[in-house]
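Okay, structure first, notes after.
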Amino acid sequence: EAMKMETTITADLDGKIREVLVQPGKRVETGDLLVVIEPE
Numbered sequence: 082e083a084m085k086m087e088t089t090i091t092a093d094l095d096g097k098i099r100e101v102l103v104q105p106g107k108r109v110e111t112g113d114l115l116v117v118i119e120p121e
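Throughout, our numbering is defined as the position within the sequence shown, counted from one, plus 81.
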């Protein structure tokens, strides 16, 4: 089985995730936009 990584990410604001912009298994780089958050 391939090595899997899990990383905790944080947001600068409170809110609800409205859209996920990456697909499972896709490689992302630092600075990539991952989700759209609607502020509360």
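Even glycine gets a Cβ: it sits at the ideal position worked out from N, Cα and C.
Model, not experiment: these values are computed from the prediction.
Inset, instruction - State the CB to CB distance for the pair Ile118 and Ile98, rounded to an integer number of angstroms; the pair is presumed to be in contact (CB under 8 Å). - result: Cβ atoms of Ile118 and Ile98 come within 8 Å of each other, at about 6 Å.
Legend entry - Backbone secondary structure at Glu119 - three-state DSSP: DSSP places Glu119 in strand when its eight states are reduced to three.
Legend entry - Among Thr88, Val103 and Lys107, the one whose alpha carbon lies nearest that of Leu115: Closest option to Leu115, Cα to Cα, is Val103.
Inset, instruction - Give me the Cα-Cα distance between Asp113 and Lys85, rounded to the nearest whole angstrom. - result: Taking the Cα positions, Asp113 is about 19 Å away from Lys85.
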